[in-house]
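Take a look at the structure set out below.
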Amino acid sequence: MAFRSAISRRIVSRSSAFGVRFVSSWWRNVEPAPKDPILGVTEAFLADPSPDKVNVGVGAYRDDNGKPVVLQCVREAEKRIAGSANMEYLPMGGSLPYKHSLGLVHAEFLPIFNIVFILILKSTYLSLPGPTTLTSGEMREVPQRSFHYYHPESKGLDFATLMDDLKNAPNGSFFLLHACAHNPTGVDPTEEQWREISYQIKVKGHFPFFDMAYQGFASGDPEKDAKAIRIFLNDGHLIGVAQSYAKNMGLYGQRVGCLSVLCEDEKQAVAVKSQLQQLGRPMYSNPPVHGALVVQTVLDDPELKKLWLKEVKVMADRIIGMRSSLRENLEKLGSPLSWEHITKQIGMFCFSGMTPEQVDRLTNEFHIYMTRNGRISMAGLNTSNVGYVANAIHEVTKSA
58 MAFRSAISRR IVSRSSAFGV RFVSSWWRNV EPAPKDPILG VTEAFLADPS PDKVNVGVGA
118 YRDDNGKPVV LQCVREAEKR IAGSANMEYL PMGGSLPYKH SLGLVHAEFL PIFNIVFILI
178 LKSTYLSLPG PTTLTSGEMR EVPQRSFHYY HPESKGLDFA TLMDDLKNAP NGSFFLLHAC
238 AHNPTGVDPT EEQWREISYQ IKVKGHFPFF DMAYQGFASG DPEKDAKAIR IFLNDGHLIG
298 VAQSYAKNMG LYGQRVGCLS VLCEDEKQAV AVKSQLQQLG RPMYSNPPVH GALVVQTVLD
358 DPELKKLWLK EVKVMADRII GMRSSLRENL EKLGSPLSWE HITKQIGMFC FSGMTPEQVD
418 RLTNEFHIYM TRNGRISMAG LNTSNVGYVA NAIHEVTKSA
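Numbering of the sequence shown is given in the numbering used here, commencing with residue 58 and proceeding in unit increments.
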């Protein structure tokens, strides 16, 4: 055994010292991939040794000490799951009890839902709000175009142009809509504007698909944050919804969510569900079970669900408080700019209006990290760093 170890060490050392001449290099022409504009921010932050560094690029909740949070309702659910549930494969369509989570979105319409995403392939165009999340633009099956959403000058909703885009799009287009707490802008339509959007989409026969990653973070109430979807359902739309629990249950690493669509009848639902499962088969085959068990346990238990709703409100209220604090600090510094959009926007993100060059200065001079489009994750602010961040923003914007 010792003899073999000596030979192994000798081979390794020779390989390390002199290299090995391979038959051919398969990877010689492989170029490094460009850094991810969001995940790369965190990588740069972690590599920075400065004690003053601040990360307001990450789209994850932090407490007032800047620490990740595991919700108490999740901790309790974990205790109940431990030792009591098996870890067998889920069906391709996911956990049947977990689908009860759809009630948070669809309410009384729930009995006629099934999971589906195949409908986007039937669309003439895939229309995405400008701007939208990076991953939303990675769907390649149909032609893409952007529709107007954000107004850079007002830092609010470009509603009139948005409506024009709905009217002028080819009939039967696919429109991706953020149900609440729009990422990255923090700008949501009003209830009346949602009604007008719903009407125009119905007139044109468009397919509305809702991205719902931040339910509860807009108002602190998941029920209230489902208002846009309820409006569309009451107007008779056959909608699709991508629902996530990464943010509102803090299950970031579990990648847990639900994809659903409203079908006209059971026959349609069975057909489209089967097609979706065929799409999922080569990607993941069977969805992961643990996150689904956590969500199912929380939502099925009245006390745990009550605790969850309370914790969602605590998270949302802290973010709202940081919005007010950042704006107040900037105004106290005598900034020549208006910062009222910080408190008008909602959800986890503030679209600050800063230029890429100003963001670069924040990083290079003040060790403050965010995406170059000026998006600030309000959850990265706390009572200890908000004054420092405000002062840095003032320094890079006061001569704008």
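Beta carbons are placed, not taken as given, at the ideal position from N, Cα and C, and that holds for glycine. Please read these numbers as outputs of a predicted model, since none were measured by experiment.
- Three-state secondary structure assigned by DSSP to D209: Sequence inspection shows Pro at residue 209; the Asp mentioned does not correspond to that position. Looking at P209 - three-state DSSP - the assignment turns out to be coil, as it is neither helix nor strand.
- Task: Alpha carbon to alpha carbon, how far is A436 from L223? Give it in angstroms, no decimals.
- Result: Rounded to the nearest angstrom, the two C-alpha atoms are 33 Å apart.
- Message: Using the three-state DSSP reduction, which class does H239 fall into: helix, strand or coil?
- Response: Three-state DSSP puts H239 in coil, outside helix and strand.
- Query: Who are P359's beta bridge partners in DSSP?
  - Reply: P359 is not bridged to any residue.
- Query: Quick one: what's G404 bridged to in DSSP?
  - Reply: The partner list for G404 (beta bridge, DSSP) is empty, contrary to what the question assumes.
- Rounded Cβ spacing between F408 and Y207 (contact assumed at less than 8 Å): With a beta-carbon spacing of about 7 Å, F408 and Y207 fall inside the 8 Å limit used to define contacts.
- Message: Between which residues of its own chain and V113 is the CB-CB distance below 6 Å, once the five residues before and five after are set aside?
- Response: Residues M427, I433, S434, G437 of the same chain have their beta carbon placed closer than 6 Å to that of V113, with the five preceding and five following residues left out of the count.
- Message: Using a Cβ-Cβ cutoff of less than 7 Å, which residues in the same chain neighbour P344 once the five nearest sequence positions on both sides are dropped?
- Response: Cβ neighbours of P344 beyond the five flanking positions: L147, G151.
- Query: Under the three-state reduction of DSSP, which class applies to I138: helix, strand or coil?
  - Reply: Correct three-state label for I138: helix.
- Alpha-carbon to alpha-carbon, L316 and F170: In this predicted model, F170 has a pLDDT of only 44, less than 50, meaning its place in the structure is not dependable; the value taken from the coordinates is given anyway. Rounded to the nearest angstrom, the two C-alpha atoms are 10 Å apart.
- Task: Taking only runs that begin and end inside the segment 233 to 320, name each unbroken alpha helix (DSSP H) of 4 or more residues, in chain order.
- Result: Note on the segment 233 to 320: whole alpha helix (DSSP H) runs with a minimum of 4 residues are 248 to 261, 279 to 282, 284 to 291, in chain order.
- Query: Would N386 be called buried (16 or more neighbouring beta carbons within 10 Å of its own) or exposed?
  - Reply: Result: buried.
- Message: Could you check whether H451 and L383 sit closer than 8 Å to each other, using their CB atoms as the reference points?
- Response: No; because the gap between Cβ atoms is not below 8 Å, this pair is not in contact.
- Query: Under 8 Å, do C237 and D282 count as touching if we go by C-beta distance?
  - Reply: Yes, the Cβ-Cβ distance between C237 and D282 is below 8 Å.
- Task: Classify G140 as buried or exposed, calling it buried when 16 or more other Cβ atoms lie within 10 Å of its own Cβ.
- Result: Exposed: under 16 other Cβ atoms inside 10 Å.
- Identify whether N112 lies in helix, strand or coil by the three-state DSSP scheme. When DSSP states are grouped into helix, strand and coil, N112 belongs to the strand group.
- R418 - DSSP class collapsed to helix/strand/coil: Looking at R418 - three-state DSSP - the assignment turns out to be helix.
- Please name the residue in Y302, W396, G378, L333 whose C-alpha comes closest to that of V351. Closest option to V351, Cα to Cα, is Y302.
- Can V453 and Q402 be called in contact, C-beta distance under 8 Å? At the C-beta level, V453 and Q402 stay beyond 8 Å of one another.
- Buried versus exposed call for P265 [16 or more other C-beta atoms within 10 Å across all chains shown]: By the Cβ-count criterion, P265 is buried, with 16 or more other Cβ atoms from all chains shown falling within 10 Å of its own Cβ.
- Report buried or exposed for S381, applying the criterion of at least 16 other Cβ atoms within 10 angstroms of its Cβ. Residue environment for S381: exposed (fewer than 16 other C-beta atoms within 10 angstroms of its C-beta).
- Item | CB contact flag (H424, D109, <8 Å) | Yes, Cβ-Cβ distance for H424 and D109 is below 8 Å.
- Message: Taking only three categories from DSSP, how would you classify D222?
- Response: Here D222 sits in helix by DSSP.
- Can the beta-carbon of K261 be found less than 8 Å from the beta-carbon of D292? No. Outside cutoff.
- Query: What three-state label does DSSP hand Y426 in the structure shown?
  - Reply: Reduced to three states, the DSSP call for Y426 is strand.
- Would G273 pass as a contact of N305 if the rule is Cβ separation under 8 Å? With a cutoff of 8 Å on beta-carbon distance, G273 and N305 are scored as near each other.
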